[in-house]
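Comments concern the structure below.
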Amino acid sequence: MIKKERGSYLWRYDADSGVQQKINAWMDQQSNVRDSLQMLVLYFVDRFGNVNVMDYDVQKKLYADVLGQEVPPVQAQVLEETERTMKKEKEESDHSPLAPDTGNEENDIFDGVNPKNI
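Take the sequence shown: its position 93, counted from the start at 1, is 113 in the working numbering, and no numbers get skipped.
So, in structure tokens, the structure goes:
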């Protein structure tokens with residue numbers, strides 16, 4: 021089945037009057053709303069790719085942009101890798117009935133205690 025390309029999109033925005041006022045005020049300042057919206061979407065695609073604007077990673081980058089704290093690409097990669105590692109470790113620890121052996125017998129508070137007595 022061939023996917024038909026979209027040529028237009030009807031947009032009904034939030035019924036909240038504050039949101040409507042902000043959007044209408046912005047639209048009133050545009051010489052061509054269609055071109056302005058198209059430019060914003062293309063900027064987003066160039067910046068973030070074809071992803072959902074509501075994705076956590078995208079939201080994090082958008083908030084950093086708003087606060088003027090550009091997330092450097094290397095730092096962003098490190099943050100993403102750290103988050104993945106932490107999530108993986110949490111998932112693994114959730115399935116493990118015992119705490120992992122750290123190999124540090126010196127600091128073991130149960131040193132000398134018979135496990136059968138616990």
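In this text, a Cβ means the ideal position worked out from N, Cα and C, and glycines have one as well.
Sequence-distant residues of its chain with Cβ nearer than 6 Å to residue i (five each side left out)
i	result
L82	none
Sequence-distant residues of the same chain with beta carbon closer than 8 Å to residue i, five excluded per side
i	result
Q50	S56
Same chain, Cβ closer than 7 Å to residue i, neighbours up to 5 away in sequence not counted
i	result
V71	V78
Residue interval of the alpha helix (DSSP H) (run including residue i)
i	result
M11	What is shown of the chain runs 21 to 138, which leaves residue 11 out entirely.
D131	Counting along the chain, D131 falls outside any alpha helix (DSSP H), and DSSP gives it neither H nor E.
K24	Segment: none, K24 is in no alpha helix (DSSP H) and carries neither H nor E.
R32	Taken as a continuous stretch (DSSP letters only), R32 belongs to no alpha helix (DSSP H), as it is neither H nor E.
D77	76 to 86
S56	53 to 68
Among the options, the one whose alpha carbon lies nearest that of residue i
i	options	result
R32	E25, K23, I43	I43
Y29	M106, Q58, E101, L99	Q58
For residue j and residue i, believed in contact at Cβ under 8 Å, the rounded distance
i	j	result
F64	V73	7 Å
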